[in-house]
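Residue numbers (our numbering): 73 to 293.
Written below as structure tokens is the structure these notes are about.
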Amino acid sequence: MPSETVHPQRGKTRADILNVLKRSDGLTADQLAGQLGITSMAVRKHIAALESEELIDSSISRRPIGRPARVYRLSKQSDSLFPRRYDTMAVDLLIDLAAMDGPGKLDLLFNRRADRTFEYLEQRLSSARTLGERVKALAEGMDDLGYLADWKQVGPGTYLVNQYNCAIQRVASAFPQVCYYELETYRRLLDADVQRSCHLASGDHLCCYVVTEHAPGDAAG
Numbered sequence: 073m074p075s076e077t078v079h080p081q082r083g084k085t086r087a088d089i090l091n092v093l094k095r096s097d098g099l100t101a102d103q104l105a106g107q108l109g110i111t112s113m114a115v116r117k118h119i120a121a122l123e124s125e126e127l128i129d130s131s132i133s134r135r136p137i138g139r140p141a142r143v144y145r146l147s148k149q150s151d152s153l154f155p156r157r158y159d160t161m162a163v164d165l166l167i168d169l170a171a172m173d174g175p176g177k178l179d180l181l182f183n184r185r186a187d188r189t190f191e192y193l194e195q196r197l198s199s200a201r202t203l204g205e206r207v208k209a210l211a212e213g214m215d216d217l218g219y220l221a222d223w224k225q226v227g228p229g230t231y232l233v234n235q236y237n238c239a240i241q242r243v244a245s246a247f248p249q250v251c252y253y254e255l256e257t258y259r260r261l262l263d264a265d266v267q268r269s270c271h272l273a274s275g276d277h278l279c280c281y282v283v284t285e286h287a288p289g290d291a292a293g
């Protein structure tokens, strides 16, 4: 069987139902039962659970002979369950771009992406007045972007921002410039001393940023 299938985290039978439906244009409960080698009653039980998760849609199909039948298909929401290779494609395209136009073009692209991130986070920080408020808003903004971020104060004027997921980890591992621009973005936004003490791309289990207020008389940035 091809590897592009749903992982059986919801249970093997439900994963099998989703995988079979992915390869079809719609099947009845009896057809599913026949393909899976289980009873129609068991199929309907699992279908009900999948419908409650909005992973399956159904419609009535009228046939030339016999009674109308309910046909089950995957919903749009189910797309996220199947493997996607967007990160691999992105890395390949960036490698090709660097080969064709040189590394300077990559720096330009990463810088523009950093500017967009800065603008998004700047809005999130717009009402923050203290460094603690800015750190909190930044962590919440990155969490909303999928970085599984949190923050805490660890001393007077000192904070940690932890990111337990990198939403673009494949790209960041291939192109360390991405991480450089992230660090510089945080320094600009927080107007504080920011140092990275842990790094997912280097094998740590998180990215950790230590944020410290500037000492009196230090230049911002």
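Just so you know, even glycine gets a beta-carbon here, dropped at the ideal spot from N, CA and C.
- The beta carbon of L261 is closer than 8 Å to those of F190, L193, E194, L197, R206, L210 in its chain, skipping five residues each way along the sequence.
- Residue state for A246 is assigned as helix, using DSSP reduced to three classes.
- The criterion of a C-beta distance shorter than 8 Å is satisfied by I132 and R142.
- Annotation: Y158 is outside any beta strand (DSSP E); the continuous alpha helix (DSSP H) that includes it extends over 158-173.
- As far as DSSP is concerned, N237 takes part in no beta bridge.
- Under a 10 Å Cβ-count criterion, K208 is classified as buried, with 16 or more other Cβ atoms of the shown protein chains found around its own Cβ.
- Rounded to whole angstroms, the Cβ separation of T111 and A105 is 6 Å, and the two are in contact under 8 Å.
- In the DSSP assignment, no residue is bridged to R260.
- Take the alpha-carbon of K84 and the one of Y236: they are about 29 Å apart.
- Beyond the five residues adjoining it in sequence on each side, S130 comes within less than 6 Å, by CB distance, of R142, Y144 in the same chain, given in chain order.
- If you look at S131, you'll find it in the beta strand (DSSP E) that goes 128-133.
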